[in-house]
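Oh and the sequence shown: position 77 is 96 in the numbering used here, straight run, nothing missing. For reference, the structure discussed in these notes is given below.
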Amino acid sequence: LANPVVELAGTTIAPLICYEQLILWPALQSMLHAPDMIVATGNGWWTAGTSIVAIQRADAVAWAKLFGVPIVMAFNM
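As structure tokens, this is what we get:
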């Protein structure tokens with residue numbers, strides 16, 4: 020909770036890691052700092068055969084659209 024955004028080369032990034040994409044508070048706290056972009060990552064290898072990663076991706080895209088910021092995503096599967 021202490022670092023909801025990260026500054027990198029003059030760009031403010033809101034990292035949403037794994038389950039944080041699904042929870043209200045981490046996303047809202049990051050958005051309060053007006054980030055330039057969202058970086059969403061996740062580890063989905065253990066969820067094979069489920070729709071968990073698809074749900075996380077949809078949720079992360081929804082946050083980006085809601086707040087009008089670009090998003091970069093990476094998930095291992």
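Positions of the beta carbon are idealized from the N, C-alpha and C atoms, including for glycine.
- Can you tell me whether DSSP reads residue 93 as helix, strand or coil? Note: residue 93 maps to strand in three-state DSSP.
- Which partner residues of residue 26 appear in the DSSP bridge assignment? Residue pairing from DSSP places residue 26 in a beta bridge opposite 31.
- Looking at the unbroken beta strand (DSSP E) that takes in residue 59, where does it start and where does it end? Where residue 59 is concerned, the enclosing beta strand (DSSP E) stretches over 56-62.
- Task: List the endpoints of the continuous alpha helix (DSSP H) containing residue 75.
- Result: From DSSP, the alpha helix (DSSP H) with residue 75 extends over 71-86.
- Using the C-alpha atoms, what's the distance from residue 40 back to residue 94? One C-alpha to the other measures close to 12 Å.
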